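Beneath this line is the structure, given in structure tokens, with notes to follow.
Number of protein chains: 2
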Amino acid sequence: MPERALPYRPHNHEACVSQALADARAICRQQNARLTPIRERVLELIWQSHKPLGAYDILAMLSTEGHNAAPPTVYRALDFLLQYGLVHRIASLNAFTGCTHAGEHHRGTFLICRQCGNVLELDVPDVSRAVEAAAAEVAFQPEEVTLEVAGLCPRCRGESGHA
Amino acid sequence: MPERALPYRPHNHEACVSQALADARAICRQQNARLTPIRERVLELIWQSHKPLGAYDILAMLSTEGHNAAPPTVYRALDFLLQYGLVHRIASLNAFTGCTHAGEHHRGTFLICRQCGNVLELDVPDVSRAVEAAAAEVAFQPEEVTLEVAGLCPRCRGESGHA
DNA sequence: CCTGCAAATGTTATAATGTTTCAAACTTTG
DNA sequence: CAAAGTTTGAAACATTATAACATTTGCAGG
Numbered sequence: 022m023p024e025r026a027l028p029y030r031p032h033n034h035e036a037c038v039s040q041a042l043a044d045a046r047a048i049c050r051q052q053n054a055r056l057t058p059i060r061e062r063v064l065e066l067i068w069q070s071h072k073p074l075g076a077y078d079i080l081a082m083l084s085t086e087g088h089n090a091a092p093p094t095v096y097r098a099l100d101f102l103l104q105y106g107l108v109h110r111i112a113s114l115n116a117f118t119g120c121t122h123a124g125e126h127h128r129g130t131f132l133i134c135r136q137c138g139n140v141l142e143l144d145v146p147d148v149s150r151a152v153e154a155a156a157a158e159v160a161f162q163p164e165e166v167t168l169e170v171a172g173l174c175p176r177c178r179g180e181s182g183h184a
Numbered sequence: 022m023p024e025r026a027l028p029y030r031p032h033n034h035e036a037c038v039s040q041a042l043a044d045a046r047a048i049c050r051q052q053n054a055r056l057t058p059i060r061e062r063v064l065e066l067i068w069q070s071h072k073p074l075g076a077y078d079i080l081a082m083l084s085t086e087g088h089n090a091a092p093p094t095v096y097r098a099l100d101f102l103l104q105y106g107l108v109h110r111i112a113s114l115n116a117f118t119g120c121t122h123a124g125e126h127h128r129g130t131f132l133i134c135r136q137c138g139n140v141l142e143l144d145v146p147d148v149s150r151a152v153e154a155a156a157a158e159v160a161f162q163p164e165e166v167t168l169e170v171a172g173l174c175p176r177c178r179g180e181s182g183h184a
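Quick note, the sequences are listed as chains A and B, same order. Sequential numbering of the first sequence, starting at 22, is according to the working numbering. Sequential numbering of the second sequence, starting at 22, is according to the working numbering.
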């Protein structure tokens, strides 16, 4: 068992998914939000994937399992999941990934490997503070922060370079 | 005349545009890059606009002035301008804005007003440093940083709230 | 000059992503 | 049950971006 469940380390991903779904159910119950079968299935598909999924990827997966959905079905489910902070949208990829700090509506920092596609979500208070300070300096009132860093994850870095 | 040419303050925007174009020409000359008429015109349209322009906005403008262009024409011009750091792509808007620190290939912090659409590009070393530190902590090698902050600019903040 | 190459543009079609609209089904509540 | 609100289905459409291939332009060398 890894010390921390970084996606870069091998881990029991099924357990991750189960945990995320259980958390989601708890959060929705607590907020009187309806985690309907479609919504839950979309969340599960996103969590099962090791990379962010596009809306049309999800659509295709639903199709193969017999659920013949149209785009709005998926986008509505995604809107719901976004609203309750259960997934994040990665603007630079037009794709969605499970939120690893689910519960409240927030925005984290995303480290996106351009090689393997894995995404690591971080909560970096220093960055948030620096952004807020910079905004305050020009009297700008921040509401939503999109912070996505593309690069190489440790594993892929080790493979191509060699340190 | 404003102390600093923040887009929030009134200023002679034509002069801004001229300056940006002159800079662009200098940069391209220096790098043996060809700032062709189309490319220059696209850059000018982007600079003339006070908000980020979508590729199809640019397309429409070119059409009205008789140049009957197709999407690839615009996207190719944009790719060129991006490559030489003359414009930035705002991922959260699918739109493009003039780079105010043109010259080298870089990524800044963008403060985007959700009310008036104006964008202010900042260079915030504190943020860069914090991002790099966070990435280093998990051995991630950052290459491209997308940092876009949506919110309210001082002017729009003053109008709706009142302080 | 002209020839040939590379870069840039034109043109058509198509792919990928996201939304509008309205109808039908389901849920909750009085 | 009936009414109201929410969720889903379904069709069409809007927006953003790219692929593929033809044509033109700029320019170096013969």
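Idealized CB from N, CA, C, for every residue including glycine. Small disclaimer: the values here were computed from a predicted structure and weren't measured.
Check: Boundaries (first-last residue) of the alpha helix (DSSP H) holding H109 of chain B; Outcome: Premise fails: H109 of chain B lies in the beta strand (DSSP E), 108 to 111, not in any alpha helix (DSSP H).
Check: Three-state secondary structure (DSSP) of F161 of chain A; Outcome: coil
Check: 7 angstroms Cβ cutoff, V166 of chain A in contact with chain B; Outcome: yes
Check: Exposed unless 16 or more other CB atoms sit within 10 angstroms - verdict on E180 of chain B; Outcome: exposed
Check: Between the CA atoms of I133 of chain B and A76 of chain A - distance to the nearest angstrom; Outcome: 25 angstroms
Check: DSSP beta-bridge partners of G119 of chain B; Outcome: B:V108
Check: Three-way DSSP call (helix, strand, coil) for V38 of chain B in this model; Outcome: helix
Check: Candidates A:I59, A:H34, A:L83, A:G119: closest to R97 of chain A by CA position; Outcome: A:I59
Check: Cβ of P163 of chain B within 7 angstroms of any chain A Cβ; Outcome: yes
Check: Terminal residues of the alpha helix (DSSP H) in which T85 of chain A lies; Outcome: 76 to 85
Check: Exposed unless 16 or more other CB atoms sit within 10 angstroms - verdict on A36 of chain B; Outcome: exposed
Check: Neighbour list for C174 of chain B in chain A, Cβ cutoff strictly below 7 angstroms; Outcome: F161
Check: Local conformation of E24 of chain A per DSSP, three classes; Outcome: Unreliable positioning characterises E24 of chain A in this predicted model, as indicated by a pLDDT of 43, which lies under 50. A coordinate reading is not provided.
Check: Selected residue, minimal CA-CA separation from P163 of chain A, among B:A157, B:L74, B:L141, B:T118; Outcome: B:L141
Check: CB contact flag (A151 of chain A, V148 of chain B, <7 angstroms); Outcome: yes
Check: Closer than 8 angstroms at the beta carbon, the chain B residues around L141 of chain A; Outcome: V159, F161
Check: Delimiting residues of the beta strand (DSSP E) encompassing L143 of chain A; Outcome: 140 to 143
Check: Reference A157 of chain A; option with closest CA among B:L173, B:L42, B:A157, B:E165; Outcome: B:L173
Check: 8 angstroms CB neighbourhood of L143 of chain B in its chain, flanking five on each side removed; Outcome: G129, T130, F131, L132
Check: Residue from A:V166, A:F101, A:N139, A:E153 with nearest C-alpha to L69 of chain A; Outcome: The sequence shown places Gln at residue 69 of chain A, not Leu. Cα-wise, what sits closest to Q69 of chain A is A:N139.
Check: Within chain B, the residues that A155 of chain A reaches when beta carbons sit closer than 9 angstroms; Outcome: T130, L132, L143, V145, D147, V148, V170
Check: Closer than 7 angstroms to chain B by CB, R178 of chain A; Outcome: yes
Check: Simplified DSSP assignment, three categories, for T94 of chain B; Outcome: helix
Check: Limits of the unbroken alpha helix (DSSP H) element including L66 of chain B; Outcome: 58 to 69
Check: Spatial distance of E24 of chain A from K72 of chain A (CA atoms); Outcome: Because E24 of chain A sits at a pLDDT of 43, beneath the cut-off of 50, its placement in the model cannot be relied upon, and the following sentence gives the value as read from the coordinates. Going by the C-alpha atoms only, they are around 22 angstroms apart.
Check: Span separating the alpha-carbon of L56 of chain A from that of L99 of chain A; Outcome: 12 angstroms
Check: Candidates B:R176, B:S84, B:N53: closest to R62 of chain B by CA position; Outcome: B:S84
Check: Beta-carbon neighbours of A151 of chain A, restricted to chain B and to distances below 7 angstroms; Outcome: V145, D147, V148, A151
Check: DSSP state of C49 of chain B mapped onto helix, strand, coil; Outcome: helix
Check: Where V166 of chain B sits in the DSSP three-state scheme; Outcome: strand
Check: Chain-ordered chain A contacts of A112 of chain B [CB-CB under 8 angstroms]; Outcome: A112, S113, T167, E169
Check: Presumed contact (8 angstroms Cβ cut-off) between R176 of chain A and C137 of chain A, rounded CB distance; Outcome: 7 angstroms
Check: Three-state secondary structure assigned by DSSP to G172 of chain A; Outcome: strand
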